[in-house]
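Colleague:
In my numbering, the protein residues as written are 7 to 88.
As structure tokens, then:
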């Protein structure tokens, strides 16, 4: 699934969810090293657990962040997987 981010340096998140587990995550643009790290950390995690950890994280003065946007991408991927 492709998720278009809002309010972040990254512009897109490609995510694969199967059986409530995050299988793969890839960001387009943004802070490459940090986003690779976040992606690897959530791969293999239960969707609900990742959302709980990532939701609400802010980047500087922004009301969102790449991890926060990832939580919304996971939520959307879960809906599409049903």
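Yeah, the Cβ is synthetic: ideal placement off N, Cα and C, and Gly gets one too.
Taking the beta strand (DSSP E) that residue 32 belongs to, which residues open and close that run?
Modeller: For residue 32, the uninterrupted beta strand (DSSP E) run begins and ends at 27-34, by DSSP.
Colleague: Could you check whether residue 23 and residue 87 sit closer than 9 Å to each other, using their CB atoms as the reference points?
Modeller: yes
Colleague: With 16 as the cutoff for other CB atoms within 10 Å, does residue 14 come out buried or exposed?
Modeller: buried
Colleague: How long is the line joining the alpha carbons of residue 58 and residue 28, rounded to whole angstroms?
Modeller: 14 Å
Colleague: Tell me which residue opens and which closes the alpha helix (DSSP H) that residue 57 is part of.
Modeller: 53-60 is the span of the alpha helix (DSSP H), which, as asked, contains residue 57.
Colleague: Which residue's Cα is closest to the Cα of residue 37: 71, 48, 83 and 79?
Modeller: 71
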